[in-house]
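Each residue of the sequence shown is one higher than the last, beginning at -15 in the working numbering. A virtual CB, placed ideally from N, CA and C, is assigned to each residue, including glycine.
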Amino acid sequence: MDLYQELILDHSKRPQHAGLREPYEAEVHHVNTSCGDEITLRVHLAEKDGTQVLEDVSYDALGCSISVASTSILADESIGYPIEEVLQTYQAMKAMLTSRGQDPGDEEVIGDGVALAGVSQYPARVKCALLGWSALLDALARAGADTTTSDDSTSAAPLEDA
-15 MDLYQELILD
-5 HSKRPQHAGL
5 REPYEAEVHH
15 VNTSCGDEIT
25 LRVHLAEKDG
35 TQVLEDVSYD
45 ALGCSISVAS
55 TSILADESIG
65 YPIEEVLQTY
75 QAMKAMLTSR
85 GQDPGDEEVI
95 GDGVALAGVS
105 QYPARVKCAL
115 LGWSALLDAL
125 ARAGADTTTS
135 DDSTSAAPLE
145 DA
């Protein structure tokens, strides 16, 4: 078993930041209709030095190891970061996971998310890996965060049917 497989298994067996917590500004529930994975995700935002920060992400994830591990990685790589950086991480994860193996991921941007690069070669599993990330984007928008990205001035749209 390689290091990335071990990392995915570790995050799926011991998900970081799991369990729904308060306070929160928005809660969303997303279902992957193709496999039945489900997630309920909450976000708590705060202002720090005039910048909107993702103070907390809490979630209850029911699904395959890829879905749970990806959501655990999401929490690790997002909590405490400015919303703009969280959106950059989302965009980098989405680009890697939808690349069909062409984008290995940038560890500087997505951290442990690079462990999921191999998922991009299995289209049926991409939705599993992006379920939590799509829920995060939805929750941020519902919480009133600006989900436009600075690099292209368009909304960081979630995947369809996620």
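Where the alpha helix (DSSP H) through residue i begins and ends
i, result
"residue -12", "-13 to -3"
"residue 118", "107 to 126"
"residue 53", "49 to 62"
Span of the beta strand (DSSP E), counted from its first residue to its last, around residue i
i, result
"residue 42", "35 to 46"
"residue 15", "10 to 15"
Which of helix, strand or coil DSSP assigns to residue i
i, result
"residue 73", "helix"
"residue 6", "coil"
Residue i versus residue j - alpha carbon distance
i, j, result
"residue 32", "residue 19", "39 Å"
"residue 53", "residue 131", "24 Å"
"residue 24", "residue -13", "29 Å"
"residue 15", "residue 123", "14 Å"
"residue 8", "residue 82", "30 Å"
For residue i: DSSP bridge partner residues
i, result
"residue 26", "11, 42"
"residue 78", "None, per the DSSP bridge assignment."
"residue 66", "37"
"residue 91", "BP columns for residue 91 are empty, so no partner."
(Q) So, does the stretch 61 to 72 touch the stretch 102 to 113, judging by three or more C-beta pairs under 8 Å? (A) no
Q. Any contact of the stretch -10 to -3 with the stretch 53 to 67, i.e. 3+ C-beta pairs under 8 Å?
A. yes
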